[in-house]
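All residue numbers for the sequence shown refer to UniProt numbering, where the first residue is 1 and numbers rise by one.
Glycine is no exception: its CB is placed at the ideal position from the N, C-alpha and C atoms.
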Amino acid sequence: MTELVFHIRGMSCVACSSGIERALKRKNGVVKIEVNLISSSAQIIFDETLITQEEIFGLIEKLGYQIDFKTKQNENNFFEILENKILTPKIRISLAAVCSILVLYMGMFGMLYPNYLPNFLLDMKINASLQCFLTLIVMHIGRKFYFSGFKALIHKMPNMDSLVAIGSGVSFIYSFVIYIQILLAKSCTHHQELYFESVCLILTFVLLGKMIEKYSKDKALEALDGLSVFYKNKVLKFIDGDFKEVGIKELLVGDRVRVLPGEFVPVDGEIIDGCSSIDESMLTGESIPVVKKKGDIVFGGSVNVEQMFEMIVQKEYAKSTMTQIVNLVHTAQNTKAPIAKFADTISGFFVPSVIILALIAGSFWWFYQGDIVFAMKIFVSILVVSCPCALGLATPMAILVGTLRGMQNGILFKNAEALESVNQVNCVIFDKTGTLTQGNISVVDIKSLRDDITKEEILSLAASLEVGSNHPIAKAILKYAKDKKIDLKAANNFCNIVGNGVSADIKGKTYKIKNSNFLKQYDNFEGMGVGLYEVFQDQEQEIGCICLQDLIRKESKQCIAYLRDLKKKTLILSGDRRDCVKKIADDLDIDEFYFGLKPEDKLSFIEKLKAKKNKVMMVGDGLNDAPALALADISLAMGDGSDLSKDKSDIVILNNNILNVANAMRLSREVLINIKQNLFLAFFYNIIAIGFACGFGYAFGIVLDPMIAAFAMSCSSVCVVLNAQRLYFFRFLKE
């Protein structure tokens, strides 16, 4: 299977994106296709033995869209490129607006107040000719609506451009016929009813709405693209006795790099010389710089605030933390939330239904009134006022802003479904060590259970077994051994027994360290939340014990309290002893706790919860809790972002702040509310606007003019986009 991500130009509404999806899904060999309207991108998984990349691109281009892909060259001709450089979007809109105002002045204003027109414009042949000429200029500026709209009609996939093209096109054809009649007349000084101003204002309002909509989308996407902006910079690499500038992608593991004050840290690495404050807010959302010294790890994407330092590269560009985050966020933007599929389903028949409705309503009023001009107004108004854009923007715009807002606070949503669904969970399961607790475990005591083995030897054996492990307990034992200046023993044949400790061979004997569920000789630690780990030799012969203690995170209590307010059931599933788990559960007021569990026990427990129709979220460390995280409906991993490629969770808390579990739920709730508001706004607008356009207000003297219809349509999509922007003001819980 091959996965491909590329950009598509020319999409104007959800009917475009869903039309591309439907066309590709019908092709044999396409496994999955998701098209994102906001980012104008597509993600496709296909079987190269059944369909080629060229065939996929060809099908999309046949539908009237253009492919932007690094392997495809820009096929615009010289004149198109020159025109795009000279006529920027603002200049295009300004030119269209000026032409529209002039046409409105010569047409409608001239009909109402002819005395205010210059004498030469009183001649309708000159007046109509100028109107027609200016209208053609506006139509040229908005020509993409006609190219895209009529191509979509030919392929039986009408979109918003089709509605605009038909509506303005019918108005122009009618006006042009009247214009020809004026030219053929011997003399014509009285004002004829032309509708060139309708064509101009329809196109101008739609272009203006699209520009505002694009500006809002681009601001959000710029925040996303801004994450990787620093990758364009050069870095100072030590080459042949001196530091020289090289491209960031040229860095290899082991290279020596110098980072100057104010510069981005290029990739992940270890400081070997110097000390400085590092701003990691781009990664974790924490604004307070962290002091890093020799031996500390720095992450790509963070900023060197104070002093120069040198580092050794530990991860290349493609595997660096910031690269992983950017890739994951882009991937999240190419996924669809379940609620978005609702809008996609409607869009499949929305535009064709509007065209049919416009034909029926126009025909009805023609036969009812016998006035083809009035019937044409009804027909054009229905086409122009209908707005599939608002429906298409409702969900992806809120998802985009919500994802970015979460990342600004250290919450990385890996897919849109997680952002929508996390607030729907009713059971939140926590792992204990490193999740609810600080993970800064310290050794309390060591005891030898054999007279011929000292405490120091027990510590040496335990530390030797834990070499290379990233588990918080292993780090605590290794740190304690280092502080005590204990020499480690050579070990081999390491074996990580999931949920049951670590074993290795040392000097011909097999040793193992694992968690114990019994205090035995440590009754004096009862109720203190102390963890006990036993060291065994050969045939499960216990030779010593190591006691460790961990402190509860200060923000854990606030997080659990908020989850309780949301009526979420909280649980702890831990492999630790009962009294150790109970103390933490009591301190935090956790609803239920379970102890002495192996990974398979956690899986069984989650399965039982799900069997009772519970929606379960598992919060763990992302690696040690991988099986439970995979089984849960929503999985959330605590971490510093250094192992994102290995982590299979739906959500990652980059700054290791447990309070962000509650913040993720709060943000999810706000995003879902925003999506529902957008959908309601889109549906309400279309129902009311189409109703008035059909002539339901005729009995009250209200008839929707095509120009007003175009303005209303533009406003509807802009309102949806602006409503999504409110998520930028979402406030997170703080300690």
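Residue range 599 to 611 is occupied by the alpha helix (DSSP H) that includes glutamate 600. Here the C-alpha atom of isoleucine 20 lies approximately 11 Å from the C-alpha atom of histidine 155. The stretch 538 to 558 makes contact with the stretch 649 to 661: 3 or more CB pairs, one atom from each, lie closer than 8 Å.
The Cβ-Cβ distance between isoleucine 634 and aspartate 650 falls below 8 Å.
Here the alpha carbons of aspartate 505 and glutamate 457 stand approximately 15 Å from one another.
The stretch 4 to 14 and the stretch 28 to 47 touch, with no fewer than 3 CB-CB distances between them shorter than 8 Å. When the alpha-carbon of isoleucine 93 is set against those of Gly142, Ile372 and Cys715, the nearest one is in Gly142.
Residue environment for alanine 318: exposed (fewer than 16 other C-beta atoms within 10 angstroms of its C-beta).
Bridge pairing for valine 257: Lys237 and Met311 [DSSP]. Residue pairing by DSSP places methionine 618 opposite Ile429 and Ser635 in a beta bridge.
At the C-beta level, lysine 292 and cysteine 275 come within 8 Å of one another. Within the stretch 542 to 571, the runs of alpha helix (DSSP H) that reach at least 4 residues and sit entirely inside it are, in chain order, 556 to 565. Threonine 345 carries a helical assignment under DSSP once its states are collapsed to helix, strand and coil. The beta-carbon distance between methionine 106 and glutamine 131, rounded to whole angstroms, is 5 Å. This is short enough to meet the 8 Å contact definition. For glycine 406, the enclosing alpha helix (DSSP H) has its first and last residue at 388 to 408.
With distances taken between CA atoms, glutamate 270 lies nearest to Lys294 out of Val290, Lys294 and Pro289.
Counting along the chain, no alpha helix (DSSP H) covers lysine 244; the unbroken beta strand (DSSP E) around it starts and ends at 242 to 247. Alanine 699 is classed as exposed because its beta carbon has fewer than 16 other beta carbons within 10 Å across all chains shown. In the DSSP assignment, the residues bridged to glutamine 66 are Arg9.
With respect to aspartate 451, leucine 573 sits apart: the two C-beta atoms are not nearer than 8 Å. Contact annotation: leucine 391 and valine 14 have beta-carbon atoms nearer than 8 Å.
Collapsing the DSSP output to three states places threonine 2 in a strand. Taking histidine 140 as reference, the option from Leu153, Val199, Met124 and Ala185 with the minimal CA-CA separation is Val199. Contact check for valine 164 against phenylalanine 145 passes: the beta carbons are separated by less than 8 Å.
By the neighbour-count criterion, in which a residue is buried when 16 or more other Cβ atoms sit within 10 angstroms of its Cβ, proline 89 is exposed.
Around the beta-carbon of phenylalanine 349, fewer than 16 other beta-carbon atoms lie within 10 Å, marking it exposed. Excluding five sequence positions before and after leucine 59, the CB atoms of its chain that fall closer than 8 Å to its own CB belong to Ala23, Leu24 and Lys27, given in chain order.
The residue from Tyr685, Phe683, Asn686 and Leu704 with its alpha-carbon nearest to that of alanine 693 is Leu704. The shortest CA-to-CA distance from glycine 501 to any of Gly209, Asn515, Phe196 and Phe494 is the one to Asn515.
Counting C-beta pairs with one atom in each stretch, the stretch 355 to 365 and the stretch 382 to 391 have three or more that are closer than 8 Å, which means they touch. Within the DSSP secondary-structure output, serine 448 pairs in a beta bridge with Gly544. Rounded to the nearest whole angstrom, the C-alpha separation of aspartate 587 and leucine 461 is 34 Å.
Under the three-state reduction of DSSP output, glutamine 438 falls in the coil class, being neither helix nor strand. DSSP places glutamate 417 outside any beta strand (DSSP E); the residue lies instead in the alpha helix (DSSP H), whose first and last residues are 416 to 421.
Rounded to whole angstroms, serine 18 and arginine 726 show a C-alpha spacing of 27 Å. Counting of Cβ neighbours within 10 angstroms places arginine 553 among the buried residues, the total reaching 16 or more.
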